[in-house]
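Take the working numbering: the final residue in the sequence shown is number 349, and no numbers are missing along the way. In this text, a Cβ means the ideal position worked out from N, Cα and C, and glycines have one as well.
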Amino acid sequence: MDEDTQLDPQLLGSELQASREGRRPKLLQPEVAEALGVSRTTIQNVEAGKFKRISATVRRYAQYLGWPDGAVEHVAAGGRLCDFHASAHIAASAEDPAPPQSLGLSPAVEYELRAGDVLDSQVINLGPDEEDGQIIVVLQGKKGASQEEVARVAARYRRARRHLQGIAADADEVADST
C-alpha cells in the first residue's frame with residue numbers, strides 16, 4: 172500500500188476473522204495465536220481492527236489462513252477478499268483449463284458448477300461439532316464476467332451471506348434445545 176491509500180483496519184480484521192471462522196476443521200483464536208507465536212489478545216485486537224498499519228503479525232495471520240499474495244493490501248484498501256479471489260480467478264481462467272474430473276455430485280450440480288466461474292466458496296457449520304453438518308456455498312458468476320459484473324455478484328453475496336450465517340445460528344439454537 173502506498174502512503175496515500177487509506178487503511179481500513181476494521182474491514183481487514185473482520186475479513187481475517189471470517190476466514191478463520193470459515194475454516195474446516197474449526198480454527199480457534201488460541202490455535203492461531205500459538206501458531207503465530209503471539210498472544211490471544213493480539214489475535215483479538217487484529218480481528219477487532221485495533222491497529223494502524225499492516226504489521227508483520229497481520230501479514231503472517233493472513234498467510235496462515237491461506238490468503239494469496241496481495242490480498243492483505245486489497246482488503247486493507249477497502250476491498251473484499253471474495254472480490255480479490257474473483258479477480259484472481261478471472262485472470263487464471265484465461266489459461267487452458269484442466270480436464271474435468273467428477274466431483275461426486277449430482278450431474279445437474281456438476282453441470283452448473285462447470286458452466287460458470289467460481290468466485291468464492293464458504294463452509295457454514297450447522298453446529299459446534301463436525302457431525303452436525305455444514306452448508307457449502309459456492310458463489311458463481313458467468314464465464315468471462317467483467318470486473319463490474321463480478322463486483323455486483325460479490326455485493327449480492329455479502330448480503331445473502333448474513334442470512335446464511337443466520338440459518339447456522341438458528342440450527343445451533345435448535346441443537347442446544349434438544
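- Counting only the Cα atoms, A316 lies some 31 Å from I225.
- Residue range R211 to E218 is occupied by the alpha helix (DSSP H) that includes I214.
- Its chain contains Q305, I306, V308, L335, Q336 and A339 as the residues whose beta carbon lies nearer than 7 Å to that of I295, once the 5 sequence neighbours on both sides are disregarded; these appear in chain order.
- Your pair Y235 and V203 checks out as a contact, with CB atoms roughly 7 Å apart and the cut at 8 Å.
- Contact between S292 and L310 holds, with the beta-carbon distance rounding to 7 Å and staying under 8 Å.
- Classified as exposed, A326 has fewer than 16 neighbouring CB atoms from the shown chains inside 10 Å of its CB.
- By the Cβ neighbour-count rule, T213 is buried, with 16 or more other Cβ atoms within 10 Å of its own.
- One Cα belongs to V289, the other to G312, and the distance between them is close to 6 Å.
- In the three-state scheme derived from DSSP, where H, G and I count as helix and E and B as strand, L183 is classed as helix.
- Boundaries of the alpha helix (DSSP H) around L207: Q200 to L207.
- It is roughly 22 Å from the alpha-carbon of A242 to the alpha-carbon of R333.
- If you check the CB distance, A247 and D179 come in under 8 Å.
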